[in-house]
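The UniProt record's numbering puts the first residue of the sequence shown at 1, with every later residue one more than the last. We put the beta carbon where it would ideally sit given N, CA and C, even for glycine. Reviewing the structure listed below.
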Amino acid sequence: MLPAHVAAAYPFPPRYATSEGGFHLHKNGIAFFEHILKTYANGEQCSLFLVRAMANRYLEKARTYLSQKPSQPFPDFYSYMNNKWPPNGDNIRRLYQQAEYSSLQPYSYSNVLRYTQEIRSVRFESGDTAAFDHTFAATRAYRDKKSIGMKCFAHFNNGRTGEIGGIYAVPTTKLSDVSHGLTQAAPRLKNVSVLTTDTIPHGVQFWDATLGEGVKCRLGLFHFLGRMVDTLDSKSEHFWPCLVQLKDCICNYNKDDWAALVGAVTNGLLGEKLSMDELSDMRFSKVFKQRYDKWLRKEFHLAENIIENLNDWLKAWIDVSDDSDRKVFTYKTEDTTREQFLKVPYLLDHEGAATYC
């Protein structure tokens, strides 16, 4: 590799110096496109950006030329391009893929290898929680997922740090399809005290056999709430008050964490000074969840109290309608909530867990 001060003079990173497609992308464009390609694999959008950039340059040249009142007309766009068009989406994707596997880096190994090692290096300390889940949204970026038999991703992460400790492309949501990967990861999970997942109580025997009976399996709060929240009418004027009360039926924020948050926002330590009323009102919006909710520890009510609270919640909201006669409950809400009563014992946090966020 060239020294950094020499390599900086090149118009593109060495890992993009491939023979793919007979073209190169400038490093300024690469810095912008890499985020889109890594997240969405949308090569067509990148190609469209390049065409628009050339069209804008054509318009700028046309304006400056015509402003001088020339005797000769300015060439049309197609003549101006002279059949030199930007690469299409497929070629941009292939170039990006080759660059990700290229070892032409200052540290002599590819980004793909770096990503792999970063995931494998995630460790769990004593008292940490691990969260296991399946996600389908990420597969949208895979064009050939059917040909390789991929339906979704199975992954687990550290509940304390949020780091992803393992991710696997699987054909179904069956635990047997991810058992080999989890068995390999078991040594890194030996310090985990609590595992939260959306399948509990189903699969407890599998987790006991894979991680040992010392790891307690719990239903994740997100999934427990999600089954009920998904049945609510989000367009109802009463959606947010109903949702906040539902959360309060299950747990409260840790008093020390809440006091620290109140002190920070009322004194403007987070960049914006808010009153207690403004902070309370913020709970009825996505802003509170995005800014604060994740960082506040949750303390669960007793199991019998949760069931009692949910019963009261059903009675309080079952017939509530807004000004347009739109009910916040749908026909599924009551039955779904009562089904969740059976899962309350698996929701409660375990004393071995250091925190639950």
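Span separating the alpha-carbon of residue i from that of residue j
i, j, result
"D133", "L243", "23 Å"
"D208", "G214", "8 Å"
"K216", "L175", "17 Å"
"D128", "L189", "9 Å"
"T337", "T172", "27 Å"
"K286", "H24", "42 Å"
"L314", "P201", "24 Å"
"N309", "D319", "17 Å"
"S19", "F12", "13 Å"
"A7", "F124", "39 Å"
"E339", "V204", "19 Å"
"V229", "K332", "11 Å"
"L48", "G89", "9 Å"
"S108", "Y101", "11 Å"
"D323", "P241", "15 Å"
"N252", "I306", "11 Å"
"G181", "I36", "29 Å"
"G226", "K146", "28 Å"
"A41", "A141", "5 Å"
"Y292", "K84", "50 Å"
"Q68", "E44", "37 Å"
"S280", "N311", "24 Å"
"Y168", "K273", "43 Å"
"K255", "L261", "10 Å"
"L270", "A264", "6 Å"
"Q117", "N91", "28 Å"
"D198", "D144", "27 Å"
"C46", "F33", "6 Å"
"F288", "K27", "38 Å"
"G22", "Y80", "21 Å"
"K151", "F136", "7 Å"
"L50", "P86", "6 Å"
"G268", "K61", "49 Å"
"N158", "I164", "7 Å"
"V178", "F77", "53 Å"
"P75", "M54", "14 Å"
"K294", "S321", "30 Å"
"R57", "L66", "14 Å"
"A31", "F224", "40 Å"
"A303", "G166", "32 Å"
"K343", "E278", "35 Å"
Bridge-paired residues (DSSP) for residue i
i, result
"Y346", "Answer is none; Y346 lacks a bridge partner."
"Y253", "K298"
"S321", "K327"
"H134", "A154"
"G166", "F156"
"L219", "T197"
"L232", "F329"
"T129", "V194"
Whole-Å CB distance - residue i paired with residue j, under 8 Å assumed
i, j, result
"A99", "R15", "4 Å"
"F156", "A186", "That pair is no contact at about 11 Å."
"D335", "R297", "Between R297 and D335 the Cβ distance is about 32 Å, and since that is not below 8 Å, they are no contact."
"F329", "L232", "7 Å"
"S110", "S121", "Going by Cβ atoms, the distance from S110 to S121 rounds to 16 Å, so no, they are not a contact pair."
"L219", "Y346", "4 Å"
Residue i classed as buried or exposed, judged by whether at least 16 other C-beta atoms fall within 10 angstroms
i, result
"W317", "buried"
"M276", "exposed"
"S234", "exposed"
"residue 403", "Residue numbering for the chain in the displayed model covers 1 to 357; residue 403 lies beyond these limits and cannot be assessed."
"V192", "buried"
"L246", "buried"
"T161", "exposed"
"P106", "exposed"
"F284", "exposed"
"R93", "buried"
"G149", "exposed"
"P3", "exposed"
"T183", "exposed"
"Y10", "exposed"
"S71", "exposed"
"V112", "exposed"
"S236", "buried"
"L211", "buried"
"A259", "exposed"
Minimum Cβ-Cβ distance from residue i to chain D less than 8 Å
i, result
"T18", "No chain D appears in the structure shown, which is made up of a single protein chain."
field: Ordered list of alpha helix (DSSP H) runs contained in the segment 173-197, each at least 4 residues
entry: 179-185
field: Runs of alpha helix (DSSP H) wholly within the segment 39-105 (minimum 4 residues, chain order)
entry: Within the segment 39-105, the complete alpha helix (DSSP H) runs of at least 4 residues are 43-66, 77-81 and 89-101.
query: Which ranges would you report for the alpha helix (DSSP H) in the segment 2-35 if only whole runs of at least 4 residues count?
result: Listed in chain order, the complete alpha helix (DSSP H) runs (minimum 4 residues) inside the segment 2-35 are 4-7.
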